[in-house]
Amino acid sequence: MEIAIKNMVCSRCIKVVKEILNQLAIPYTNVELGRVHTKGTFSAEQAIYLKERLLEEGFDIVEDQKLMTVERIKNLIIDRVYDKDLEEWNENLSTYLSDQLHKDYSTLSQLFSL
-14 MEIAIKNMVC SRCIKVVKEI LNQLAIPYTN VELGRVHTKG TFSAEQAIYL
36 KERLLEEGFD IVEDQKLMTV ERIKNLIIDR VYDKDLEEWN ENLSTYLSDQ
86 LHKDYSTLSQ LFSL
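Right under this line is the structure:
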């Protein structure tokens, strides 16, 4: 199961989210900026506690599909900003986002227009 988490912007955020998951005994396979991959499902009670703990730390669970995509775009851009090999990166950002999200860039850009 994948959970989208809003406001994760650095490695410290990943560490905090891992600590919360461990405290709540929610098994996971991977935690990355904006996403947690859990092993199977967990109880409704654990889900409530997870949301509460994430909110206490300034995060939130994203449930809307459009907002999930926006968060994913933001996290991909953050990854690029912190990429040590950025000087060697010649790929257009719109192409990179389209490739990573497997969506046409015009579809992605509509998420940010009024």
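Quick note on the numbering used here: the sequence shown kicks off at -14 and runs consecutively. In this text, a Cβ means the ideal position worked out from N, Cα and C, and glycines have one as well.
(request) Can you tell me which of Ile62, Lys36 and Thr54 puts its alpha carbon nearest to the alpha carbon of Ile46? (result) One-based indexing of the sequence shown puts residue 46 at position 61. Ranking the options by Cα distance to Ile46, first place goes to Lys36.
(message) Looking only at its chain, what residues have a beta carbon closer than 7 Å to the beta carbon of Leu82, apart from the 5 residues adjacent to it on each side?
(response) Locating residue 82 in the sequence shown gives position 97, where the first residue counts as 1. Same-chain partners within the cutoff: Ile58, Leu61, Tyr90 and Leu93.
(request) Can you tell me which of the three DSSP states Ile46 falls into? (result) Along the sequence shown, read from residue 1 onward, the residue named residue 46 stands at position 61. Correct three-state label for Ile46: strand.
(request) Helix, strand or coil for Glu56, going by three-state DSSP, please let me know. (result) Within the sequence shown, the letter at position 71 stands for residue 56. Three-state DSSP puts Glu56 in a helix.
(request) Would you kindly report the start and end of the unbroken beta strand (DSSP E) that includes Val1? (result) Your numbering for residue 1 matches position 16 in the sequence shown. Run containing Val1: none in the beta strand (DSSP E); it sits in the alpha helix (DSSP H), Ser(-4) to Gln8.
(request) Determine the DSSP secondary structure at Lys51, reduced to helix, strand or coil. (result) Taking the first residue of the sequence shown as 1, we reach residue 51 at position 66. Three-state result, Lys51: helix.
(request) Please state if the CB of Ile(-10) and the CB of Arg20 are separated by a distance shorter than 8 Å. (result) Within the sequence shown, the letter at position 35 stands for residue 20. Within the sequence shown, the letter at position 5 stands for residue -10. Cβ distance < 8 Å, so Arg20 and Ile(-10) count as in contact.
(request) Note down the Cα distance separating Ile5 from His22, rounded to an integer number of angstroms. (result) What you label residue 5 is simply residue 20 of the sequence shown in a count that begins at 1. What you label residue 22 is simply residue 37 of the sequence shown in a count that begins at 1. Each residue's alpha carbon lies about 14 Å from the other.
(message) So if DSSP puts His22 in a beta bridge, which residue, or which two residues, is it bridged to?
(response) Here the question's residue 22 lines up with position 37 in the sequence shown. For His22, which the question treats as bridged, DSSP gives the partners Glu(-13) and Asn15.
(message) Let me make sure I understand the geometry here. Which of Glu17, Gln8, Lys3 and Leu52 has the alpha-carbon closest to that of Ile64?
(response) Against the sequence shown, residue 64 aligns to sequence position 79. Per the sequence presented here, residue 64 reads as Asp, with Ile not at that position. Taking only the C-alpha atoms, the option nearest Asp64 is Glu17.
(message) One question on the structure: do Val55 and Leu96 come within less than 8 Å of each other, judged by their Cβ atoms?
(response) Counting from one through the sequence shown, the residue named residue 55 turns up at place 70. Counting from one through the sequence shown, the residue named residue 96 turns up at place 111. Yes, Cβ-Cβ distance for Val55 and Leu96 is below 8 Å.
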